[in-house]
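Asks: Residue numbers (the working numbering): 26 to 282. The structure's right below; bear with me while I get my questions together.
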Amino acid sequence: MNDRSVSSIFLLAGLLSLSLLTCMPVSAGEFPALVDWGRRVTLGTLESGVVAEVMVTEGQRVKKGALLLRLDQRRFEADLAAAQAAYRHAEALLAEAQQEFDRAQELYDRTVLSEHERTVAVIGLRKAQAAKEKARADLVRARLALEHSELHAPFDGVVQRVMAVPGQPVNARMKLPSLLMLADTHWLEVRAQASPAMVQGLLAADKAEVVLDGTSLPVVHLTHSFSSAGGNVTVRIRVKRPDDLVVRPGQPASIRW
26 MNDRSVSSIF LLAGLLSLSL LTCMPVSAGE FPALVDWGRR VTLGTLESGV VAEVMVTEGQ
86 RVKKGALLLR LDQRRFEADL AAAQAAYRHA EALLAEAQQE FDRAQELYDR TVLSEHERTV
146 AVIGLRKAQA AKEKARADLV RARLALEHSE LHAPFDGVVQ RVMAVPGQPV NARMKLPSLL
206 MLADTHWLEV RAQASPAMVQ GLLAADKAEV VLDGTSLPVV HLTHSFSSAG GNVTVRIRVK
266 RPDDLVVRPG QPASIRW
């Protein structure tokens, strides 16, 4: 066997070894974790007032748009009625000012009315138009205030805490009051403590999943940070919860790759 044949054999062996190494998967791993809701939001009304009704209890599941809490409506309804009346009055004044301007313009065109008198009619019309626009804005604000006196669920969720009771005064002028806490049930956060070596294997894996009650959930987002306890790493994984999967906060799960 000549030198060229020996070199070819060694070259083929090297290529074969390299291909085997590149085809080897990252070693699989698994460590335990705990499940929690992925997002909790503290809710409050945008208006000040007095709590009239609380429609939910802690642990209750609600759909997006569900009514959670309502302030005493009487002041807001009275303000809305006053704004509606003011708007109708402004409309009537504008109609009268328009008629007065049309009459003044006709007389002016016939040279019966002076320039000053026509200008007075123009100013009266513009003032009536401005008054109507202000009344319209006041009406919109009154409607919004009535809407904002109620608290609705911004998403499907579970009521975590109820901090409001009927008769409780609410002041929303300085900051948003904390009346309810709602957890978003669409997303889950899976937390775990693991050794740096385990986390390194997880990060190097092509695919990772969370296994919860036999259901595999693909990882949507992963973050990690070093913990002061025992040199472990805190891992947080975000997954989407299937609609038919029942979850309890603190429920055990597994992170696999």
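All C-beta atoms, glycine included, are put in the ideal place defined by N, C-alpha and C. A quick note: this is a predicted structure, and the numbers were derived from the prediction, not measured.
Which residues does DSSP pair with K265 in a beta bridge?
Replies: Answer by DSSP bridge pairing, in chain order: W212.
Asks: Mind checking who W62 pairs with in its DSSP beta bridge?
Replies: Paired residues: L213.
Asks: From which residue to which residue does the beta strand (DSSP E) around E83 run?
Replies: Element bounds for E83: n/a, residue is neither H nor E.
Asks: Under 8 Å by Cβ, that's how I've got H177 and G90 pegged, so tell me the actual separation to the nearest angstrom.
Replies: That belief holds up - the Cβ atoms of H177 and G90 are roughly 5 Å apart, short of 8 Å.
Asks: Return the bridge partner residues of R95 from the DSSP annotation.
Replies: For R95, which the question treats as bridged, DSSP gives the partners E78 and E175.
Asks: Looking only at C-alpha atoms, which of G192, E214 and L205 sits nearest to L59?
Replies: It is E214.
Asks: Starting from V260, follow its DSSP beta bridges and name the residues at the other end.
Replies: In the DSSP output, where bridge partners are listed per residue, V260 has A217 and H249.
Asks: Work out the CA separation of W282 and L227 for me, nearest whole Å.
Replies: Answer to the nearest angstrom: the Cα atoms are 6 Å apart.
Asks: Measuring alpha carbon to alpha carbon, tell me which residue in R143, M80 and A122 is nearest E131.
Replies: If we check each option's Cα against that of E131, R143 comes out closest.
Asks: What is the DSSP secondary structure of G13, reduced to helix, strand or coil?
Replies: Lying before the first or after the last residue shown, residue 13 is absent from the chain, which here runs from 26 to 282.
Asks: Under a three-way DSSP split, which group does T47 fall into?
Replies: Its pLDDT being 38, under 50, T47 is placed unreliably in this model, and the value from its coordinates should be taken loosely. Helix, per DSSP.
Asks: Okay, do the region 264 to 279 and the region 232 to 243 touch, 3+ Cβ pairs below 8 Å being the bar?
Replies: Counting Cβ pairs under 8 Å, three or more are found: they touch.
Asks: Could you check which residue in A162, Q193 and L68 has the C-alpha nearest to that of H173?
Replies: The residue with the shortest Cα to Cα distance from H173 is L68.
Asks: In chain order, what residues of the same chain lie with their CB nearer than 7 Å to the CB of M80, ignoring the 5 residues before and after it?
Replies: Here the set comprises L92, L93 and L94.
Asks: Taking E102 as the reference, give the member of Q185, L118, A167 and R263 with the closest Cα.
Replies: With distances taken between Cα atoms, E102 lies closest to A167.
Asks: When you compare only the Cα positions, how much space is there between A160 and E121?
Replies: C-alpha separation (whole angstroms): 16 Å.
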